[in-house]
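A short write-up of the structure that comes next.
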Amino acid sequence: MNELVHYKLADAVAIVTIDNPPVNAISPAVVEGIAEALEQFQSDGSAQAAVLVGAGKTFVAGADIKEFGKMLAGQSRGLELPGLLNKIELCPKPIVAAIHGNAFGGGLELALACHYRVSAAGATLGQPEVRLGLIPGAGGTQRLPRLIGLEKAARMCAEGNPISAKEALSSGLVDSIIDADLISGASAFAREVAGRPVPRTRDRNDRGVEASHTSAIIAAARENARKKLRNWIAPQLAIDAVEASATLPFEKGLELERKSFQQCLSSDQSKALIHVFFGEREVAKVPDIPKETPLIPIQTAAVVGAGTMGAGIAMVF
């Protein structure tokens, strides 16, 4: 079994754990490990259902962003995540995503492909790809609207702001909030739904709207995105893809999403935003100081200066 993904059977429920610290980012090895676990689950006659969970402090906080650079350089074919998610969704036995911490980007897309989603009370869920000049690229723009409707899905995909577990429950994004131990609660939920017809997100339209209302919702989403993220390419392409979930068959919507994702990935905006993402993290690192060096607590701070600028700086302390 893959070292980053673990499989364990407990009381007829397969527990599949993603263990890729610190945030369980989706890498090619993680995709391979989940695929192996899925194959084992489907062939395991003792497993009636499965729970997909993240080790440590979070579910899955997104894809490994370094892979995007490798794709542009021709060093990688990509994460091959869309194909894996299709296999998860088409599995004949129920798979429950157990979410704690963050389910962001590819992590939320992974959960969307599962048949059910349960969440810890403090979890947050979102599609923040737009902040890197990208759109969801593994079915997020097609599955999310089928669960929560066009308006909320367009906002999540085009603006990138996360929502709480409570909001996710009221929106229909998660099926239950687990207040006790997450794995125990998710396992009990999985046993309860085992044997029922498997609900597939691609076939759902829980928050559907009349066709006559679609254009108004999309127009409002476009205008809102233009005001908040002026001249950004990704928000408008994200809205295009979300609109396709209501106007095109599922597979055609996926094709449009993938084409738009590639367009964003090769854009100057995305390249610049990804550079900023890594640059901000490098600035926070001090060379030659070991990671285990304890931080010295700061008790007081002083601002030396005068005038408008000095006063403005002082006010933020």
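Sequential numbering from 7 applies to the sequence shown in the working numbering.
Cβ coordinates follow ideal geometry from the N, Cα and C atoms, glycine included.
Look up residue 47 in the DSSP assignment and say whether it is helix, strand or coil.
-> In the structure shown, the three-state DSSP call for residue 47 is helix.
Assign residue 318 to one of three DSSP states: helix, strand, or coil.
-> helix
With residue 132 as the anchor, note down where its beta strand (DSSP E) starts and where it stops.
-> 130–132
Report the residue from 146, 282, 53 and 93 whose alpha carbon sits nearest the alpha carbon of residue 20.
-> Cα-wise, what sits closest to residue 20 is 53.
When the Cα of residue 196 is compared with those of 66, 121, 107 and 245, which residue comes out closest?
-> 121
By how many angstroms is the C-alpha of residue 102 removed from the C-alpha of residue 240?
-> 31 Å
Closest residue to residue 24 among 18, 16 and 42 (Cα-Cα distance) | 42
By how many angstroms is the C-alpha of residue 210 removed from the C-alpha of residue 249?
-> 16 Å
Inspect the CB distances between the region 278–287 and the region 252–261 and report whether three or more fall short of 8 Å.
-> no
Tell me the DSSP bridge mates of residue 99?
-> Per DSSP, residue 99 has no beta bridge partner at all.
If you run the structure through DSSP and keep just helix, strand and coil, what is residue 328?
-> Absent from the structure is residue 328, since the part of the chain shown begins at 7 and ends at 323.
State the Cα-Cα distance for the pair residue 55 and residue 100, rounded to the nearest angstrom.
-> 5 Å
The region 128–135 / the region 102–112 touching (three or more Cβ pairs under 8 Å) = yes
What residues are listed by DSSP as bridge partners for residue 110?
-> 132
Determine the extent of the beta strand (DSSP E) in which residue 281 is found, giving its start and end residues.
-> First-last for residue 281: 274–289, but that is the alpha helix (DSSP H), not the beta strand (DSSP E).
Exposed or buried, what is residue 290 when buried is set at 16 or more other beta-carbons lying within 10 Å of its beta-carbon?
-> exposed
Whose CA, out of 63, 304 and 117, lies closest to the CA of residue 87?
-> 117
Taking just the CA atoms, how far does residue 182 sit from residue 46?
-> 27 Å
Is the Cβ-Cβ distance between residue 199 and residue 98 less than 8 Å?
-> no
Complete runs of the alpha helix (DSSP H) confined to the region 186–252 [at least 4 residues] | 188–199 and 217–234
Do residue 30 and residue 74 have their C-beta atoms closer together than 8 Å?
-> no
Take residue 247 and list the residues in its own chain whose beta-carbon comes closer than 8 Å to its own, dropping the five residues that flank it on each side.
-> Spatial neighbours of residue 247 in its own chain (CB-CB distance under 8 Å, excluding positions within 5 residues in sequence) are listed in chain order as 141, 142, 147, 148, 163, 259, 262, 263 and 266.
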